[in-house]
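Chains as they are written, first to last, in the working numbering: chain A, 1 to 111; chain B, 1001 to 1111. Every residue, glycine too, gets a C-beta built ideally from N, C-alpha and C. Note that the structure is a prediction, hence the values are computed from the model and not measured.
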Amino acid sequence: KAGVTQTPRYLIKTRGQQVTLSCSPISGHRSVSWYQQTPGQGLQFLFEYFSETQRNKGNFPGRFSGRQFSNSRSEMNVSTLELGDSALYLCASSFRGNEQFFGPGTRLTVL
Amino acid sequence: SQQGEEDPQALSIQEGENATMNCSYKTSINNLQWYRQNSGRGLVHLILIRSNEREKHSGRLRVTLDTSKKSSSLLITASRAADTASYFCATDAGYGQNFVFGPGTRLSVLP
């Protein structure tokens, strides 16, 4: 099976712009979770989608949003980018919500 | 606040030595998982231990779980330079609860 894929791998944006990141889970996995990883805050949970519904949400402002499509692919959107949004954004998929399989991440740099 | 807390934050050992990392958490869990992350990449799942298990082995990895002390340890035996990475514990409190990752332990295995 192909692993979790994330696109793009690298992204450079300027403050105030918006960005959309994409995640394709492993075939058959219906749960997709997103995480933000920064040196200062570590790995922080953003949200989880299951069968196109947001099942759980972390403590992030409303500028961070996501969605999941019927094929389980997921997108994450960040509007009005701030310098502090620079991070590695990781997506993970799982079959039964136990073991999570991570993608390689999208490195977002906000200038 | 993060549930899982690993210690030490950083560990440097010689090839062939054993490496032990510890994780403490705060609330009841369904299972605890260990992940490895090579520099700036996605996380790789290493091992999952359920709350009713006390010890689990996988190759050179040995994980213990003490639910009374809310702690877990990961032992890597006969370490290799390729084991150099950051190691994270993640707690799963069950359906509807998101994974919570600790800040990680940076392991350096010197040849």
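Local conformation of residue i per DSSP, three classes
i: A/Leu83; result: helix
i: B/Gln1002; result: Note that B/Gln1002 scores a pLDDT of 43, beneath 50, so its modelled location is shaky; the value from the coordinates is reported in the next line. Coil, per DSSP.
i: B/Ala1082; result: helix
i: B/Ala1093; result: coil
i: B/Asn982; result: No answer is possible for residue 982 of chain B: the residues shown for chain B start at 1001 and end at 1111.
i: A/Phe101; result: strand
i: B/Ile1047; result: strand
i: B/Ser1165; result: No statement about residue 1165 of chain B is possible, as the shown extent of chain B runs from 1001 to 1111 and does not include it.
i: B/Glu1017; result: coil
i: A/Gln18; result: coil
i: B/Thr1064; result: strand
i: A/Phe95; result: coil
i: B/Gln1033; result: strand
Contact with chain B by residue i, beta-carbon distance below 9 Å
i: A/Val4; result: yes
i: A/Arg67; result: no
i: A/Gln17; result: no
i: A/Glu52; result: no
i: A/Phe64; result: no
i: A/Glu75; result: no
i: A/Gly42; result: yes
i: A/Leu90; result: yes
i: A/Gln36; result: no
i: A/Asn71; result: no
i: A/Arg107; result: yes
i: A/Pro104; result: yes
Nearest-angstrom beta carbon gap, residue j and residue i [assumed within contact, 8 Å]
i: B/Arg1062; j: B/Glu1053; result: With a Cβ gap of about 12 Å, B/Arg1062 and B/Glu1053 do not count as contacting.
i: B/Tyr1087; j: B/Arg1036; result: 6 Å
i: B/Leu1043; j: A/Leu90; result: 7 Å
i: A/Arg107; j: A/Arg9; result: 7 Å
i: B/Ala1019; j: B/Leu1011; result: 6 Å
i: A/Gly66; j: A/Tyr49; result: 6 Å
i: A/Phe101; j: A/Ser94; result: 7 Å
i: B/Asp1083; j: B/Asn1030; result: About 28 Å separates the two Cβ atoms, so there is no contact after all.
Residue i - partner residues in DSSP beta bridges
i: A/Val4; result: For A/Val4, which the question treats as bridged, DSSP gives no partner whatsoever.
i: A/Glu48; result: A/Ser33 and A/Asn56
i: B/Leu1107; result: B/Leu1011 and B/Ala1085
i: A/Leu11; result: A/Leu108
i: A/Thr68; result: Reading off the sequence shown, one finds Gln at residue 68 of chain A, where the question assumed Thr. BP columns for A/Gln68 point to A/Ser74.
i: B/Glu1055; result: B/Thr1064
Below-9 Å beta-carbon distance, residue i vs any chain A residue
i: B/Ala1085; result: no
i: B/His1112; result: Because chain B in this structure spans residues 1001 to 1111, residue 1112 of chain B falls outside the shown range and cannot be described.
i: B/Asn1022; result: no
i: B/Ala1081; result: no
i: B/Arg1103; result: Correcting the residue identity first, residue 1103 of chain B is Pro in this sequence and not Arg. Yes, B/Pro1103 counts as interfacial toward chain A.
i: B/Tyr1035; result: yes
i: B/Arg1041; result: yes
i: B/Ala1090; result: yes
i: B/Val1109; result: no
- Message: Measuring CB atoms only, is the stretch 1006-1024 of chain B touching the stretch 56-70 of chain A, in the sense that at least three cross pairs come out at less than 8 Å?
- Response: At 8 Å Cβ cutoff, the stretches do not touch.
- Message: Tell me whether the stretch 1019-1033 of chain B and the stretch 29-37 of chain A touch, counting them as touching only if at least three CB pairs, one residue from each stretch, are closer than 8 Å.
- Response: Contact between the stretch 1019-1033 of chain B and the stretch 29-37 of chain A is not established, with fewer than three Cβ pairs separated by less than 8 Å.
- Check whether the stretch 1073-1083 of chain B touches the stretch 14-33 of chain A, counting contact only when three or more Cβ pairs, one atom from each stretch, lie closer than 8 Å. Taking 8 Å as the limit for Cβ pairs, the verdict is that the stretch 14-33 of chain A does not touch the stretch 1073-1083 of chain B.
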